[in-house]
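For the sequence shown, UniProt numbering gives the first residue as 1, with consecutive numbering after it.
We put the CB at the ideal spot given by N, CA and C, even for glycine.
Bear in mind that the values here come from a model prediction, so they are computed numbers and not experimental data.
Scroll down for the structure; my scribbles are underneath it.
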Amino acid sequence: MRSPIHIVDVERLSTWTRYRHGLCDSCQANCCTMPVEVRLADLVRLGLVDPFEAEHEEVRLIARRLQKAGQIARYTAKSGVFTLPRRASGDCRYLDAASRRCTVYAQRPDTCRRHPQVGPRPGHCPYGARTARA
Numbered sequence: 001m002r003s004p005i006h007i008v009d010v011e012r013l014s015t016w017t018r019y020r021h022g023l024c025d026s027c028q029a030n031c032c033t034m035p036v037e038v039r040l041a042d043l044v045r046l047g048l049v050d051p052f053e054a055e056h057e058e059v060r061l062i063a064r065r066l067q068k069a070g071q072i073a074r075y076t077a078k079s080g081v082f083t084l085p086r087r088a089s090g091d092c093r094y095l096d097a098a099s100r101r102c103t104v105y106a107q108r109p110d111t112c113r114r115h116p117q118v119g120p121r122p123g124h125c126p127y128g129a130r131t132a133r134a
């Protein structure tokens, strides 16, 4: 007999669910355990980089400052992509651990805004249902 519990392995795209409107309302935010790749404009929106600095400073110097401060995990100059650091649990640093909701939702990066339309499996997400709390 097949278990009614849907097991999700974020690394195995075959376990992802086809996205439908409202799915996020009952999800455990599994997508927020994947690396978040952002661009300079996202860092400005998040308030990590000043707009003046973004316009006048070399991106590699901005990246060096942010990495030293622990605000980014890495920067890839060839693609212009920054990767945000994650907590030891693997969660995005902006995910509230208790509510499993984004704490910077209005300022969230384009990667998050466009999920699941883009990503490793477009139109699908690593949906994991919330469990009832005792």
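Give me whichever residues DSSP pairs with residue i in a beta bridge.
i    : result
T111 : None; T111 has no bridge partner.
R65  : Paired residue(s): none; R65 is not in a bridge.
V59  : V59 is not bridged to any residue.
A129 : C27
L40  : Note: L40 sits in no beta bridge, so no partner.
F82  : V38, Y75
T17  : C125
Excluding the five sequence neighbours on either side, which residues of its own chain have a C-beta within less than 7 angstroms of the C-beta of residue i, listed in chain order?
i   : result
E11 : none
P51 : V44
Quick one: what's got a C-beta closer than 6 angstroms to residue i's C-beta in the same chain, skipping five residues either side?
i   : result
F82 : V38, I72, Y75
A54 : L40, V44
Under three-state DSSP, which class holds residue i?
i    : result
L46  : coil
T33  : helix
L95  : strand
M1   : Its pLDDT being 39, under 50, M1 is placed unreliably by the model, and the measurement read from it follows with that caveat. Three-state result, M1: coil.
Y105 : helix
Taking 8 angstroms as the limit between beta carbons, can you name the residues of its chain near residue i, skipping five residues before and five after?
i    : result
V49  : L40, L43, I62, L66
P116 : Y19, C31, P122, G123, H124, C125
Determine, using beta carbons only, whether residue i and residue j come nearer to each other than 8 angstroms.
i    : j   : result
Q28  : A98 : no
Y127 : L46 : no
G80  : V59 : yes
Roughly how far, in whole angstroms, is the beta-carbon of residue i from the beta-carbon of residue j, given that I think they are within contact range, below 8 angstroms?
i   : j    : result
T17 : H124 : 6 angstroms
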